[in-house]
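Below is one structure, written out as structure tokens; the observations come after it.
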Amino acid sequence: MAQDSKKGFLLYYDYRKHLSLLSDAERGKLLMALLNYGERGDMPEDLDGMAFMAFSFITGQMDRDAQKYADTCRKRSEAGKQGGRPKKETGKQDKAKKANAYSEKQTEAKKGDTEKETDTETVTETDTEKGKESSTPYPLKGGQQDPVPYSKIVELYHSICTSYPKLRAVEGNREKQIAARWKKYKSLDTFRELFEKAEASDFLKGENDRAWTADFDWLIRPTNMSKVLEGKYDSGSKPRSGTTQSQTGGKPSTMDVLAGIIADEEGGGVFD
1 MAQDSKKGFL LYYDYRKHLS LLSDAERGKL LMALLNYGER GDMPEDLDGM AFMAFSFITG
61 QMDRDAQKYA DTCRKRSEAG KQGGRPKKET GKQDKAKKAN AYSEKQTEAK KGDTEKETDT
121 ETVTETDTEK GKESSTPYPL KGGQQDPVPY SKIVELYHSI CTSYPKLRAV EGNREKQIAA
181 RWKKYKSLDT FRELFEKAEA SDFLKGENDR AWTADFDWLI RPTNMSKVLE GKYDSGSKPR
241 SGTTQSQTGG KPSTMDVLAG IIADEEGGGV FD
């Protein structure tokens, strides 16, 4: 859960009874692991037992809090684009508005039935055109030249990556990540290749030293997507003792992956 703009995360008093079961050293390691996860999305390699269990349920709540924060920011941004709350009218403006309204009513009373029919037709046509504009399946965002085919990308993922968790919604940070990757690649074939490589990778499906499994959100992070497309997670022979993936060209161990990703600017660790 790498943070986009937040400077911290919430810790709840309810955690006290769970953390009291840990030693001071375990609590210290847990705190540093939570900071690394919140800031960069890193998963710890030195927690085990009860400390790792505490890390698991605390980061789960952190993810829910982050999603709620992202949804709130998105709603505020949309409200801001619409101009926000209208300004309160002054006394003079209110009087002028009432006078104009009275004048308009007097004018409308003198119009004939023919003009009323014309007005009705004009309003109906205008409303119809607005309805057509609002029915666009994929809205253009941020000056994009092409709409983002969210549903087609999700359909590809579900049809190809049958070994991975299915998606239930596309919103918040997930929506932003899809839009960013589409802006870069602009090709459904690239996403198809990504999902096919992921489905063919034993490592990403859990055959690693921590039984960790990737998911959709991990696959579409910028660094991770590039490495999957480059074949870094293709199935192959395991590295020999004392060698790294780059020396053997084989399947990486979890330690190899962490060492190569821990410094990524987006915090896109293998266990995001």
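Per full-length UniProt numbering, the sequence shown runs over residues 1 to 272.
Beta carbons are placed, not taken as given, at the ideal position from N, Cα and C, and that holds for glycine.
Since the structure is predicted, the reported quantities are computational estimates derived from the model, not experimental observations.
Short of 8 angstroms in beta carbon distance, which residues of its chain neighbour residue i, apart from the five on each side in sequence? Order them along the chain.
i      : result
Lys166 : His158
Tyr15  : Ala54 and Ile58
Thr162 : Glu199
Ile153 : Ile178, Trp182, Leu188 and Phe191
Asp215 : Tyr164 and Pro165
Gly206 : Trp212 and Thr213
Decide if residue i is buried, meaning its Cβ has at least 16 other Cβ atoms within 10 Å, or exposed.
i      : result
Ala33  : buried
Tyr233 : buried
Ala211 : exposed
Gly60  : exposed
Lys17  : exposed
Lys75  : exposed
Asp48  : exposed
Gly80  : exposed
Lys184 : exposed
Ser56  : exposed
Taking residue i and residue j to be in contact with their CB atoms under 8 angstroms, please state how far apart those CB atoms are, rounded to whole angstroms.
i      : j      : result
Arg27  : Leu19  : 6 angstroms
Leu188 : Leu219 : 15 angstroms between Cβ atoms; not a contact.
Arg192 : Leu229 : About 11 angstroms; that fails the 8 angstroms criterion.
Whole angstroms are fine: how far does the CA of residue j sit from the CA of residue i?
i      : j      : result
Pro222 : Ala51  : 30 angstroms
Pro149 : Glu175 : 11 angstroms
Tyr13  : Ala25  : 20 angstroms
Asn224 : Leu30  : 25 angstroms
Ala169 : Asp217 : 12 angstroms
Gly83  : Tyr37  : 36 angstroms
Glu196 : Gly231 : 11 angstroms
Ser77  : Gly41  : 25 angstroms
Leu22  : Ala180 : 41 angstroms
Using C-beta distances below 7 angstroms, list every residue in its chain close to residue i, excluding the 5 sequence neighbours before and after it, in chain order.
i      : result
Asp65  : Phe9 and Leu10
Ser201 : Tyr233, Asp234 and Ser235
Cys73  : none
Leaving out five residues before and five after residue i in sequence, what residues of the same chain have Cβ atoms less than 6 angstroms from its Cβ?
i      : result
Asp71  : Gly172
Lys186 : none
Ser135 : Because Ser135 sits at a pLDDT of 34, beneath the cut-off of 50, its placement in the model cannot be relied upon, and the following sentence gives the value as read from the coordinates. No residues qualify anywhere along the chain.
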